[in-house]
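What follows is a single structure, written as structure tokens, with notes after it.
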Amino acid sequence: MDLKPAPYFRHKFTVKKPIKQARAYIAVGGLYELSLNGQRIGDHFLDPLYTRFDRRVLYVTHDVTSALQRGENAIGVLLGNGWYNHQSTAVWYFDKAPWRNRPTFCLDLYIQYTDGTEERVSSGRNWKTALSPTIFNSIYTAEHYDARLEISGWDSADFDDKDWKNAIPRSAPAGKIVSQSVRPIRKTLEIKPVRIIQLNDSIRVVDFGRNISGVTGIKVKGAEGTEVRLRHAERLYENGRTDISNIDAHYRPTDDTDPFQTDIFILSGKGEEYFCPKFNYKGFQYVEIQCKEPIKILDIKAYFVHSDVPVKGKVNSSDELLNKIWQATNASYLSNFVGYPTDCPQREKNGWTGDAHIASETGLFNFDGITVYEKWLADHRDEQQANGVLPSIIPTGGWGYEWGNGPDWTSTIAIIPWNLYMYYGDKRPLEENYDALKRYVGYLLENYPSGLTDWGLGDWIPVKSRSPVELTSTAYYYTDVLILSKMAGVLGNKEDEKFYADKADYIKNAFNQKYFIPEKAIYGSGLQTELAVPLYWGLVPKEYKQQVADNLAIRVKSDGLDVGLLGTKAILQALSDGGHGEVAYALASRKTYPSWGWWIMNGATTLFENWPIDAKSDISMNHIMFGEIGAWYYKALGGIRPESAGFQKILVKPFIPRELERFSVELESPLGKIVSGWEGRNYTLEIPDGVEAELHVPKEFVGGSKVLKLKAGRHTFKMEP
Ligand code: BGC
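Numbering (our numbering), first residue to last: 956 to 1676.
Below you can see the structure in the form of structure tokens.
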């Protein structure tokens, strides 16, 4: 388990007849790269995905028909640690995970011959193993590679493996071995440096011009034994060196052999040499190349790495800042979608539940991410305790059952299945997660019978004001119980539907009794989060909704933005829905502190974790948690919301800010493309066959302020002269 180098495995076999088809199935505790006859199989990165390894292990299927040859063949496997054998030490104790072990795999290669016969080549004792030149690999920190240890031809048939040892059989890490039916992680984009600055003889700093989750590949020439270090960072010190002090805060190294986000490449001295990590990724914009010996850098590129989910939505406008915020939101979303939703790609790579449900609509409007979420919900079920409790990070090595896991975070188990249902029209996420949600809600009802709960972290990283944790957590308690009732309704369970609807009402009443002040039409002391959260999650009594929204608008106009994570989810939409679209737009397009625009004005290409760009702590520069703005463009400006599951019925309530000349959202719904946008004096709504829209014609247009029922087609409206 503490042995550092990654192991190679190889096996030789003979193919005697013409092949019709061949498939390799490989299940791994850890990570792998598979090769056949010296050729790498597939283009996935970091396979298989991270799971709670003692509950579920994933296998990946590869079509290897064309990689096999008549006669002698060799199959090769290189195993990486991934989250299964976390050797780096940090505050979440992944190194102490109960399932931690040396990586392991099981492979079956099924060959179908053209004559109808079949053969199976399987991993076993007769396979050979040796250590590889990947002398260290940590999903969390970096990878070290010693090219002097390369074993030429190790995965080809004519290689002599007499000095290799026999593989040792192991039992599977978990009884459940499941197909990885998920969009894979890939290197999706190659990025060239925008600048390389040589600071002195031994240090060069490469700027890739944008912040990403990913890896760098470097081609160099130098003498044997030369050590090249590649330190990855999101920002620079004034002297031009890379600054990782914002992202190594939770790292607890025990010595100096595993520097944070720093790959180590030792050259063999044999001509041009290439290195790119296989079992790690990082969050960075800059790479500092450190090397004391003279070397020639022939090439260096960065690769954006994330779950390769197809693009589903597009936002475009005449406002450059709006476009840039949308792009930065998507860049942070994808940087935090590397097999499972994460908080940040550098400091933690943790599946923080709160960040994920907040960002889920932004994700679902823009990308086809359902398979990643389905798998992550399976992780939820794997991690759920018998009493219903979920940990704050999923998957986990055990950390997070006692900190940060109140309903404001772990409502993922309600909100994400419901969003999948609404955005895709697929009932399966409801069926699959119904029992888990019921157990979770059962725990809340049993432990918080008053209807109020202060279990949670609250409005994380607020601009300045702190709203009561009980207010925000109770809003999520209500949401979970309400979603459970709605799920029961969809699944035809009338009894549960009624039971949980009554419970939800009860929670809403308790909430309003404690926090609502009818004379003032405010909640608590009237902070932005205190007003926006009940509005957004539907806790405000109907007759007071408008007044509460008006009070929120007054507060925003006087104070500017003053919310944290839970407030950002609610504030823009609460303002828009309350008839204060201009106020929402002013916040969303603001260029000064505190705002999304402030980050962009300061050169950000991703969203930050904190409002001040020079915050002393909690300042990852690639966090998705403030990313709801990406969904708001669709829901409030484009005005598109699914009224019924899968966008069969949509509500379209576009809002046209005075100063926004041109704007459009395009969305690939399950039934086809929906477009809502305007240019100059024309507003257009395009809907595909099978979709019915209820359009609230914006007041500026002929026939404005009317509600129209529209069917498939392109509908255009002209502005009043
Ligand atoms: C993470 C957040 C997360 C929070 C919860 C932080 O360290 O980066 O995004 O939600 O912890 O407390």
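Ideal Cβ placement from N, Cα and C applies to all residues, glycine included.
- Put simply, of Tyr1588, His1651, Phe968 and Lys1661 the residue whose alpha carbon is nearest the alpha carbon of Trp1281 is Tyr1588.
- Exposure of Pro1404 is indicated by the presence of fewer than 16 other C-beta atoms within 10 angstroms of its C-beta.
- The stretch 1280–1297 and the stretch 1175–1194 do not touch, with fewer than three beta-carbon pairs separated by less than 8 Å.
- The three-state reading of DSSP puts Val1270 in strand, counting E and B together.
- Close CB contacts of Asp1018 within its chain, under the 7 Å cut and outside five residues either way in sequence, are with Arg978 (chain order).
- Here the alpha carbons of Glu1193 and Ile1462 stand approximately 53 Å from one another.
- Contact annotation: Tyr1288 and Ile1325 have beta-carbon atoms that are not nearer than 8 Å.
- Put simply, the stretch 1023–1032 touches the stretch 1093–1111. At least three CB pairs are less than 8 Å apart.
- If you check the C-beta of Met1576 against the ligand BGC, you find no heavy atom less than 7 Å away.
- Looking at Gly1359, Trp1415 and Gly984, the one whose alpha-carbon comes closest to that of Tyr1014 is Gly984.
- The ligand BGC has no heavy atom closer than 7 Å to the beta-carbon of Glu1583.
- Here the stretch 1050–1070 does not lie against the stretch 1309–1327, with fewer than 3 beta-carbon pairs under 8 Å apart.
- For Glu1338, same chain residues with a beta-carbon under 7 Å away, outside a window of 5 residues either side, are Arg1007, Leu1345, Pro1346, Ile1349, Pro1350 and Thr1351 in chain order.
- Proximity to Cys1246 across Thr1217, Ala1430 and Lys1304 peaks at Thr1217, based on C-alpha coordinates.
- Per DSSP, reduced to three states, the secondary structure at Gly1294 is coil, with no helix or strand assignment.
- When DSSP states are grouped into helix, strand and coil, Ala1188 belongs to the strand group.
- The C-beta of Lys1673 has fewer than 16 other C-beta atoms within 10 Å across all chains shown, which makes the residue exposed.
- As computed with DSSP, Ser1262 is found in a beta bridge with Ile1140.
- Take Val1149, set aside five residues on each side of it, and the residues of its chain with a beta-carbon closer than 8 Å to its own are Asp1162, Phe1163 and Gly1164, in chain order.
- Counting C-beta pairs closer than 8 Å gives three or more between the stretch 960–971 and the stretch 1072–1090, which meets the contact rule.
- Here Thr1171 is buried. Its C-beta has 16 or more other C-beta atoms within 10 Å.
- With a 10 Å radius around the Cβ and a threshold of 16 neighbouring Cβ atoms, Asn1342 comes out exposed.
- Looking at the DSSP output, Pro1597 bridges to Ile1605.
- Within the chosen limit of 7 Å, the ligand BGC reaches the beta carbon of Leu1412 through at least one heavy atom.
- Here the alpha carbon of Arg1190 sits roughly 12 Å from the alpha carbon of Thr1560.
- Secondary structure of Gly1397 (DSSP, three-state): helix.
- In the three-state reduction of the DSSP assignment, Leu1520 falls in the helix class, which pools H, G and I.
- Cβ neighbours of Glu1641 within its own chain (closer than 6 Å, five residues either side excluded): Val1630 and Arg1669.
- Collapsing the DSSP output to three states places Gly1318 in a helix.
- Lys1441 sits buried, since 16 or more C-beta atoms from the chains shown fall within 10 Å of its C-beta.
- For Ser1077, the enclosing beta strand (DSSP E) covers residues Glu1073 to Ser1077.
- A straight line joining the alpha-carbon of Ser1273 with that of Gly1238 spans about 31 Å.
- The stretch 993–1000 makes contact with the stretch 1132–1145, as at least three CB pairs between them are under 8 Å.
- Residue burial is scored here from C-beta neighbours: Lys972 has fewer than 16 other C-beta atoms within 10 angstroms and is therefore classed as exposed.
- Per DSSP, the unbroken beta strand (DSSP E) holding Leu1154 starts and ends at Arg1150 to Asn1155.
- As a beta-bridge residue in DSSP terms, Val1662 pairs with His1651.
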